[in-house]
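By numbering that gives the first Met the number 0, the letter at position 272 of the sequence shown is numbered 271, and the numbering carries on one by one without gaps. I have placed the structure first, in the form of structure tokens, so that the comments after it can refer back to it.
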Amino acid sequence: MIIKQGFVRYVQQKGAIERLSQDLRGLEKICLLGSPGALERLRPILHVEGASIQEIALTSPFTVWAQAQQLARQAVSDSAQAIIGVGGGSAMDTAKAVAALSGRALYLAPTSAATCSAATTLIALYDEQGRRTGKSALPRPIDGVYVDETLLADAPRRLLCSGIADGMAKLSEAASACLYPDNPPEMRWRSMMAQALHLMDVYFSQTDAALHGGEAELSELLYANLYLTAQITATGSARRIGEVAHHFCNGVTCLFPTERQYFLHGEIVGVGVLLELNLTGAVAGYTGRSIETFLHEVLHCPTTLPALGLPTDEVSLARLSAYISDKSGLSPMSIVASLRTLCAED
Numbered sequence: 000m001i002i003k004q005g006f007v008r009y010v011q012q013k014g015a016i017e018r019l020s021q022d023l024r025g026l027e028k029i030c031l032l033g034s035p036g037a038l039e040r041l042r043p044i045l046h047v048e049g050a051s052i053q054e055i056a057l058t059s060p061f062t063v064w065a066q067a068q069q070l071a072r073q074a075v076s077d078s079a080q081a082i083i084g085v086g087g088g089s090a091m092d093t094a095k096a097v098a099a100l101s102g103r104a105l106y107l108a109p110t111s112a113a114t115c116s117a118a119t120t121l122i123a124l125y126d127e128q129g130r131r132t133g134k135s136a137l138p139r140p141i142d143g144v145y146v147d148e149t150l151l152a153d154a155p156r157r158l159l160c161s162g163i164a165d166g167m168a169k170l171s172e173a174a175s176a177c178l179y180p181d182n183p184p185e186m187r188w189r190s191m192m193a194q195a196l197h198l199m200d201v202y203f204s205q206t207d208a209a210l211h212g213g214e215a216e217l218s219e220l221l222y223a224n225l226y227l228t229a230q231i232t233a234t235g236s237a238r239r240i241g242e243v244a245h246h247f248c249n250g251v252t253c254l255f256p257t258e259r260q261y262f263l264h265g266e267i268v269g270v271g272v273l274l275e276l277n278l279t280g281a282v283a284g285y286t287g288r289s290i291e292t293f294l295h296e297v298l299h300c301p302t303t304l305p306a307l308g309l310p311t312d313e314v315s316l317a318r319l320s321a322y323i324s325d326k327s328g329l330s331p332m333s334i335v336a337s338l339r340t341l342c343a344e345d
């Protein structure tokens, strides 16, 4: 499967890294960025004839602008002609930031399906503690995204499940437009909702088989997590939406860093999806109960605050609701009431 669009060239197939090696022919100097584990996985299968490949192991698990600036200066000093990002979401975003700052060509090879970062021009930025500080965007298209199904088949299933939980926020966050009474009807929003509903259908129909060894179903989920979610992000909407699920995740990271460190981004967002659905109500037949059952029984993800190790006293709930309210513009009273429904033991 090879897809070309204005903002990205996406290649998903077994042996996609071989295709990447072919597409890099003619380059003499390449900068390869990634986590140590991702670099180790890619090293035996990436072979670019005649090219010098400099590996840089990322020291921060988050996309920090200062680190990206340093690496961009290094890429320019070394006369690197291309930046290759390999790994998870933070590696993808760091590679994008380095390419944006250095003006080099950009190729991405995700080694997990836990985020849509590889197929979107958006760059999420954090501080050293993992707290969201803002976002940026690539000034030019990504030159290529290479999803090697053989490589990703060996990735931990927890990463795949986390990516699915994260992707489910596309529906709840699009639906949260209903929480703002002054929102006018808008065509892009309807398109966004339709794509989000299709994404949910893929998740509910393919996940169980994929987690039990189904190759075709796994391929569908890789495409859904890495590409379809990015398309929904790119579609966007002029309507105001709450983005409660991700504000919940960022709030947990800011207010409860010790507890947060034991969970993946999508696992926290999944609980945020339940919080958001408490506010919006059922969406096209998807209820909070059906999503909770799917998260718990199929993905084995947390579905309550205690399951995340979070305190449930009134002061803690008030702090978290105040953070989400400040970011979303929604009533802190309605948010704290919804948080209370997530306080039971998982």
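Positions of the beta carbon are idealized from the N, C-alpha and C atoms, including for glycine.
Rounded separation between residue 195 and residue 112 - CA only: Within the sequence shown, numbered from 1, the residue matching residue 195 stands at position 196. Within the sequence shown, numbered from 1, the residue matching residue 112 stands at position 113. Taking the straight line from one Cα to the other gives about 17 angstroms.
Runs of alpha helix (DSSP H) wholly within the region 212 to 298 (minimum 4 residues, chain order): 214 to 222, 228 to 234, 243 to 254, 256 to 259, 264 to 279, 287 to 292
Beta-carbon proximity of residue 268 to residue 259, cut-off 8 angstroms: As a first step, residue 268 is located in the sequence shown; it is residue number 269 there, counting from the start. As a first step, residue 259 is located in the sequence shown; it is residue number 260 there, counting from the start. No, the pair does not count as a contact, with Cβ atoms beyond the cut-off.
Where the alpha helix (DSSP H) through residue 169 begins and ends: Walking along the sequence shown from the start, residue 169 turns up at place 170. Here the alpha helix (DSSP H) through residue 169 covers 168 to 174.
Three-pair Cβ contact test at 8 angstroms for the region 230 to 244 versus the region 326 to 337: yes
For residue 200, the first and last residue of its enclosing alpha helix (DSSP H): Position 201 of the sequence shown holds residue 200. It spans 186 to 210 - the alpha helix (DSSP H) in which residue 200 sits, taken as one unbroken run.
Cut-off 7 angstroms between Cβ atoms - residues of its own chain near residue 221, not counting five sequence neighbours on either side: Here residue 221 refers to the residue found at position 222 when the sequence shown is read from its first residue. 11, 112, 146, 148, 151, listed in sequence order.
Cβ contact check for the region 44 to 57 and the region 18 to 35: 3 or more pairs under 8 angstroms: yes
Inter-residue spacing [alpha-carbon to alpha-carbon] between residue 238 and residue 120: The residue labelled residue 238 in the question sits at position 239 within the sequence shown. The residue labelled residue 120 in the question sits at position 121 within the sequence shown. So the two alpha carbons sit approximately 21 angstroms from each other.
Distance CB(residue 187)-CB(residue 235) smaller than 8 angstroms: As a working mapping, residue 187 is identified with position 188 in the sequence shown. As a working mapping, residue 235 is identified with position 236 in the sequence shown. Cβ distance < 8 angstroms, so residue 187 and residue 235 count as in contact.
Beta-carbon proximity of residue 100 to residue 71, cut-off 8 angstroms: For the purposes of this step, residue 100 is taken as the residue at position 101 of the sequence shown. For the purposes of this step, residue 71 is taken as the residue at position 72 of the sequence shown. Cβ distance < 8 angstroms, so residue 100 and residue 71 count as in contact.
Extent of the continuous beta strand (DSSP E) run through residue 40: Residue 40 sits at position 41 when you count from the first residue of the sequence shown. Here residue 40 belongs to no beta strand (DSSP E); instead the alpha helix (DSSP H) covers 35 to 41.
Residue 21 classed as buried or exposed, judged by whether at least 16 other C-beta atoms fall within 10 angstroms: The residue given as residue 21 occupies position 22 in the sequence shown. Classification of residue 21: exposed, given that the 10 Å Cβ count is below 16.
Backbone secondary structure at residue 95 - three-state DSSP: Taking the sequence shown and counting its residues from 1, the one referred to as residue 95 is at position 96. Here residue 95 sits in helix by DSSP.
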